[in-house]
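Worksheet: the structure to be examined is printed underneath.
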Amino acid sequence: MVPLSWYLIFAAALFSIGLFGVLVRRNAIAILLGVELMLNAVNINLVAFWRYGEALAMTGQVFAVIVFAVAAAEVSVGLALVISVYRRRNTVVADELDMLKW
Amino acid sequence: MTAQQIIFLIVALYTLGSALMVVTTRNLVHAALWLVSTLFGVAVAYALLNANFIAVVQVVVYIGAIAILFIFAVMLTRKDMRDAGPQMNSNWWAGALVAVLVFGGLTSLLSGWSGFQNTAAALPSGFDAISLLGESLTSPEAFVLPFEVASVLLLAALVGAVYVAFNKK
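Residue numbers (our numbering), protein chains in the order written: chain Y, 489 to 590; chain D, 1277 to 1445.
Below, the structure is given as structure tokens:
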């Protein structure tokens, strides 16, 4: 049987890779890809804690389902924002989106 | 080493490799396709954890909807920075350092926890995760309120996405 630590380290590595993507990518869509990786890492943790904790209480799986819904909402609004910005400013590079900076 | 451990290691390495390709590859369409591959690896990890319903939802919602949405968004904004110019910030090494530090911090923090080496208890015979999940999502004693709030959130996101991306002309 796989110990819990393997899943936690796997999720931590996936989270760090997603964080790296969020921090270094210039394209706004690529930043959202990194956010997706981080959300998936959190979901792995939730499901692993459900399996290794009290499996009869479905708390971990319920949390994972809610995270799915929140991730879908986040991606749809985020991509709509990117497309709207692209239409007005003709760019999706995060450095060049400085309308709020003065 | 048991067969399950070997399968887990293969799946984890495949998933992490695909995730690295997502954040480093230059072509964004390829990055979105690598994301699909990563999400499949995560779905297999869910299946290894006996969370069959979550694995199916991962394939349907993440790969079927979210990844396709990403590919569409990449295609709609592709004229910009098509494989030209740097795809990463000039100080990408600082981001890499932060990511490595977060990974090291998380692992050292978790390894100090007493339950770190826990192994899973066997599931009781006749364990039906789907009906238990459905009951806890609709029972007033459990999670019916977060469930309804999530549906309101999805409706708000739907309206917001249409409003933000709507072309007035």
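Note that the Cβ used here is the ideal one computed from N, Cα and C, for glycine as well.
Mind pulling the chain Y residues with CB within less than 7 Å of residue i?
i, result
"TYR1290/D", "Within 7 Å Cβ-Cβ: nothing; TYR1290/D doesn't reach chain Y, min ~11 Å."
"MET1364/D", "VAL512, ARG513 and ARG514"
"ASN1326/D", "ARG539"
"VAL1318/D", "ASN528 and ILE532"
"ILE1344/D", "Within chain Y, no residue comes near ILE1344/D; the closest Cβ sits about 11 Å away, beyond 7 Å."
In the DSSP assignment, what are the bridge partners of residue i?
i, result
"MET1364/D", "ARG513/Y"
"VAL581/Y", "ASN515/Y"
Between residue i and residue j, what straight-line distance do the alpha-carbon atoms span, to the nearest angstrom?
i, j, result
"VAL573/Y", "ARG514/Y", "15 Å"
"VAL1320/D", "ALA1331/D", "7 Å"
"VAL490/Y", "THR1395/D", "7 Å"
"GLY1388/D", "LEU1352/D", "47 Å"
"ALA1368/D", "GLY509/Y", "Per the sequence shown, residue 1368/D should be read as Trp rather than Ala. Roughly 10 Å between the two C-alpha positions."
"ASN533/Y", "THR547/Y", "12 Å"
"LEU1289/D", "ALA1295/D", "10 Å"
"ALA1375/D", "GLY1381/D", "10 Å"
"ALA1343/D", "PRO1362/D", "24 Å"
Check the Cβ of residue i against every Cβ in chain Y and list those closer than 9 Å, keeping chain order.
i, result
"SER1412/D", "ALA545, MET546, THR547, GLN549 and VAL550"
"ILE1286/D", "The premise fails here: ILE1286/D is roughly 12 Å from chain Y at the closest Cβ pair, so nothing lies under 9 Å."
Within a Cβ cutoff of 8 Å, which residues of the same chain sit near residue i, ignoring the five residues on either side of it in sequence?
i, result
"GLN1255/D", "In the structure displayed, chain D extends from 1277 to 1445; residue 1255/D sits before or after that span and is not available."
"VAL530/Y", "ALA499, PHE503 and VAL555"
Can you tell me whether residue i is buried or exposed, with buried defined as 16 or more other CB within 10 angstroms of its CB?
i, result
"VAL1291/D", "Note that residue 1291/D is Thr in the sequence shown, not Val. So THR1291/D ends up on the buried side."
"ASN1443/D", "exposed"
"ARG539/Y", "buried"
Starting from the C-beta of residue i, find all residues in its chain whose C-beta is less than 6 Å away, skip the five residues before and the five after it, and write them out in chain order.
i, result
"GLY506/Y", "GLY522, LEU525 and MET526"
Ignore the nearest five residues each way along the sequence and tell me which others in residue i's own chain have a CB closer than 7 Å to its CB.
i, result
"MET1297/D", "TRP1310"
Counting only Cβ pairs nearer than 8 Å, list the residues of chain Y close to residue i.
i, result
"LEU1429/D", "ALA557, VAL558 and ALA561"
"ASN1443/D", "ARG575"
"ILE1339/D", "Result: empty, since nearest Cβ-Cβ is about 11 Å, beyond 8 Å."
Strictly below 7 Å CB to CB, what residues from chain D border residue i?
i, result
"VAL570/Y", "ALA1349 and THR1353"
Confirm the yes/no value for this check: CB of residue i, any heavy atom of the ligand GDP, distance under 8 Å.
i, result
"ARG539/Y", "The model depicted lacks the ligand GDP and carries no ligand whatsoever."
Answer yes or no: does any C-beta atom of chain C fall closer than 9 Å to that of residue i?
i, result
"ASP586/Y", "This model lacks chain C altogether; the protein chains it does include are Y and D."
Mind listing the chain D neighbours of residue i? Cutoff is C-beta to C-beta under 9 Å, in chain order.
i, result
"VAL523/Y", "Ordered by position in chain D, no residue passes the 9 Å Cβ test against VAL523/Y, which lies about 11 Å from the chain."
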